[in-house]
Amino acid sequence: MRPAESASISSSAYDSIIAEAEQLAPQTGVLDAHCHLGSDEDGSSLDPDALLRALDKVSRSARAVIFPLQDPERRPAYRVPNDRVLEWGRQHCDRLITFCRLDPDDDPVAEVERCLARGARGIKLHPRGHDWESVHPAVPAIFAVARDAGVPILLHAGRNLRSMGALLQVAPQFPEVSLVLAHAGIADQAVLTAGLMHHPRVFYDTSCFSPYDVVELFARVSAERVVFGSDTPYGQPADGLFLAMRAAAYAGLDARDRGLIAGGTMTAVLDGREPLPATPPRLARVHPVTGSLVRVGMYVMMALSAVISTPTPVPGRVRSWIELARGVCRDSDPGGAGSALARIDGLLNVAEQLIIRQDTHPRRAILLLHAAATIAATEPLPA
Ligand SMILES: [Zn+2]
799 MRPAESASIS SSAYDSIIAE AEQLAPQTGV LDAHCHLGSD EDGSSLDPDA
849 LLRALDKVSR SARAVIFPLQ DPERRPAYRV PNDRVLEWGR QHCDRLITFC
899 RLDPDDDPVA EVERCLARGA RGIKLHPRGH DWESVHPAVP AIFAVARDAG
949 VPILLHAGRN LRSMGALLQV APQFPEVSLV LAHAGIADQA VLTAGLMHHP
999 RVFYDTSCFS PYDVVELFAR VSAERVVFGS DTPYGQPADG LFLAMRAAAY
1049 AGLDARDRGL IAGGTMTAVL DGREPLPATP PRLARVHPVT GSLVRVGMYV
1099 MMALSAVIST PTPVPGRVRS WIELARGVCR DSDPGGAGSA LARIDGLLNV
1149 AEQLIIRQDT HPRRAILLLH AAATIAATEP LPA
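When the letters of the sequence shown are read in order and numbered with our numbering, they come out as residues 799 to 1181.
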């Protein structure tokens, strides 16, 4: 895992992704709800200048919510990484908004109060493993601090959790607390979206490896409850915005509503404004798909899995999936999917070259594969 800045790619296939994200997103007001800064135990790291450069690819005015990674220096209580990120937020207060990260087992209430006094605008909680099989005793106290301070909580709800059912016991007791469930709530998406449907302030961020998770989100929750997030440095703002905007457009959201996803709704959350009324999900639970795009999307996801599941991907293994995906793109009778398949093939071609060259930055291949999977999952866009 390497810093996000090494992930820049120059290829016309990828340039068209950035251009389309720009065209679908609003000109101003983009706010990425989910970015990490600092260092992680897994070797990932990102400094504020690299994040600002990555945000510049979206727009010069794009902003981000920042919080620590799982920092090797997190004990005690995430104090050191929280102070570091608070300082970066102060230095770039026009574009970066700092949340403090808490460890529920390590004095979280004292730490959140300390950080709020130093300018934190929200709380990041990252439960792991069995943490939500029952309510962690510290969690109601953390929610109470958030309620009293009027700040949101962003809660990891992605990989490495077994279930999140216990959240249904806590969140409804705190209807005043804006709760952003990260990664489209995939740890328990059906349970959370149904169980928290009537909570007035539960939101879902769009940071997902699988674009199908974000598409399904638009079939499960109100569009007014979806916010763009990238999980940088594991994702990238421009790439994450492409997914959020493509999925939103696929679900039929117009430019105004896409502007809410891109930053309008999260800005209202941070400002403590009342969220817009929740409208019914925009996408039908059953929607038609093109068989060849399902096939290519599946192989691209398998290639993506082969890249991300080891620190140094095995080129032959990744290539075998890319070759199958490109086989789907060779279609003399593509129905309505010809231009999407051609675009996907262009991205896969560049990804394959990187893999063959054993490119030292596997993140570049990840961005290309992620964009290809996003196209496959979100076709056709309404005219
Ligand atoms: Zn994250």
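Even for Gly, the Cβ is constructed at its ideal location relative to N, Cα and C.
Q: Compute the Euclidean distance between the alpha carbons of GLY1136 and ASP1029, then round it to the nearest angstrom.
A: GLY1136 and ASP1029 have their C-alpha atoms some 32 Å from each other.
Q. Could you give the distance in angstroms between the alpha-carbon of GLY841 and the alpha-carbon of ALA918?
A. Whole-angstrom Cα-Cα distance: 26 Å.
Q) When the cut-off is 8 Å and only beta carbons count, does GLY948 lie next to chain B? A) Any reference to chain B falls outside this structure, which holds one protein chain only.
Q. At which residues does the alpha helix (DSSP H) containing CYS1193 begin and terminate?
A. There is simply no residue 1193 to check, as the chain begins at 799 and stops at 1181 in what is shown.
**Q.** Spatial distance of TRP1119 from ALA1042 (CA atoms)
**A.** Linking TRP1119 to ALA1042 through their CA atoms gives a straight-line distance of about 25 Å.
Q.
Rounding to the nearest angstrom, what Cα-Cα distance links ASP783 and GLY1114 in this structure?
A. One cannot answer for residue 783 here, as it falls past the ends of the chain, which runs 799 to 1181.
**Q.** Pick from GLU1177, LEU1146, ALA988, ARG1141 that is closest to SER814, judged by C-alpha positions
**A.** Its Cα nearest to that of SER814, the residue ARG1141 stands out among GLU1177, LEU1146, ALA988, ARG1141.
(Q) Taking contact to mean 3 or more Cβ pairs, one atom from each stretch, closer than 8 Å, check whether the region 1004-1012 and the region 1022-1040 are in contact. (A) Yes, the region 1004-1012 touches the region 1022-1040.
Q. CB of ASP840 to nearest heavy atom of ligand 1: below 7 Å?
A. Every heavy atom of ligand 1 is 7 Å or more from the Cβ of ASP840, so no.
(Q) Do LEU1091 and GLU1193 have their beta-carbon atoms positioned less than 8 Å apart in this structure? (A) No information on residue 1193 is available, as it lies outside the stretch 799 to 1181 that the chain covers here.
Q. Between the Cα of TYR876 and the Cα atoms of LEU900, VAL1105, GLY1125, which residue gives the shortest distance?
A. Closest option to TYR876, Cα to Cα, is LEU900.
Q | Whole runs of the beta strand (DSSP E) within the region 974-1055, excluding any shorter than 3 residues | A | At a cut-off of 3 residues, the continuous stretches assigned as beta strand (DSSP E) that sit fully inside the region 974-1055 are 977-979, 1000-1003.
Q) Quick one: what's got a C-beta closer than 6 Å to PRO998's C-beta in the same chain, skipping five residues either side? A) Counting only residues of its own chain and dropping the five nearest sequence neighbours on each side, PRO998 has a CB closer than 6 Å to the CB of PRO973.
Q: Determine the direct distance from the alpha carbon of LEU1145 to that of ARG1128, and round the result to whole angstroms.
A: Each residue's alpha carbon lies about 14 Å from the other.
Q: Buried or exposed for VAL978, please, with buried defined as at least 16 other CB atoms from any protein chain shown within 10 angstroms of its CB.
A: With 16 or more neighbouring CB atoms inside 10 Å of its own CB, VAL978 falls in the buried class.
Q: Please list, following the chain, all residues that have a C-beta closer than 7 Å to any non-hydrogen atom of ligand 1.
A: Residues flagged by the Cβ proximity filter: HIS832, HIS834, HIS954, ALA980, SER1005, ASP1029, TYR1032.
Q. First and last residue of the alpha helix (DSSP H) that includes CYS1127?
A. Counting along the chain, the unbroken alpha helix (DSSP H) around CYS1127 starts and ends at 1113-1127.
Q: Determine the direct distance from the alpha carbon of ALA908 to that of ARG872, and round the result to whole angstroms.
A: In this structure, the CA atom of ARG872 is about 15 Å from the CA atom of ALA908.
Q | Candidates ARG1083, VAL1084, GLY1062, LEU1081, of which the one nearest LEU1074 by Cα | A | From the listed residues ARG1083, VAL1084, GLY1062, LEU1081, the smallest Cα separation to LEU1074 is found for GLY1062.
Q | Sequence-distant residues of its chain with Cβ nearer than 7 Å to PRO801 (five each side left out) | A | The predicted model places PRO801 with a pLDDT of 39, which falls under 50 and marks its position as unreliable; any figure quoted below should be read in that light. So the qualifying residues of the chain are SER843, LEU844, ALA848, PRO1031.
**Q.** Contacting residues, own chain, Cβ-Cβ under 7 Å from VAL883 (five flanking each side not counted)
**A.** Excluding residues within five positions, the ones whose Cβ falls inside 7 Å are LEU835, GLY836, ILE864, PHE865, PRO866, THR896.
Q) Going by beta carbon distance, what residues of the same chain come within less than 6 Å of HIS934, once the five residues before and after it are set aside? A) Its chain contains PRO902 as the residues whose beta carbon lies nearer than 6 Å to that of HIS934, once the 5 sequence neighbours on both sides are disregarded; these appear in chain order.
Q.
Measuring straight from C-alpha to C-alpha, what distance separates ALA805 and GLN825?
A. At ALA805 the pLDDT is 49, less than 50, meaning the model places this residue with poor confidence; the figure from the coordinates comes in the next sentence. Cα-Cα distance, rounded: 24 Å.
Q) Buried or exposed: where does ASP892 fall if 16 or more other Cβ atoms within 10 Å of its Cβ makes it buried? A) The residue in question, ASP892, is exposed, as its Cβ has fewer than 16 Cβ neighbours within 10 Å.
Q: Could you pull the start and end residues of the alpha helix (DSSP H) that LEU850 belongs to?
A: Segment 846-854, the alpha helix (DSSP H) holding LEU850.
Q) By Cβ distance below 6 Å, which residues in the same chain neighbour SER1020 in space, the five residues on each side in sequence not counted? A) For SER1020, where only same-chain residues beyond five positions count, the Cβ hits under 6 Å are ALA1076, THR1077.
Q. Sorted by chain position, which residues of the same chain lie with C-beta nearer than 8 Å to GLN967's C-beta, five sequence neighbours on each side aside?
A. For GLN967, the CB contacts under 8 Å within the same chain, skipping 5 residues up- and downstream, are VAL933 in chain order.
Q: Count the other C-beta atoms from every protein chain shown that fall within 10 angstroms of the C-beta of ASN880, then say buried if there are 16 or more, exposed otherwise.
A: Counting Cβ neighbours within 10 Å, ASN880 comes out buried, since at least 16 surround it.
Q | ALA1049 versus VAL856 - alpha carbon distance | A | A direct Cα-to-Cα measurement between ALA1049 and VAL856 gives close to 22 Å.
**Q.** Reduced DSSP category for PRO1132 - H, G, I as helix; E, B as strand; rest coil
**A.** Here PRO1132 sits in coil by DSSP.
Q: Report the three-state DSSP secondary structure of THR896 (helix, strand or coil).
A: In the three-state reduction of the DSSP assignment, THR896 falls in the strand class.
Q. Between GLY956, VAL975, ALA1036, ALA1123, which lies nearest to LEU990 when the distance is taken from Cα to Cα?
A. Residue nearest to LEU990 within the set GLY956, VAL975, ALA1036, ALA1123 is GLY956 (criterion: CA-CA distance).
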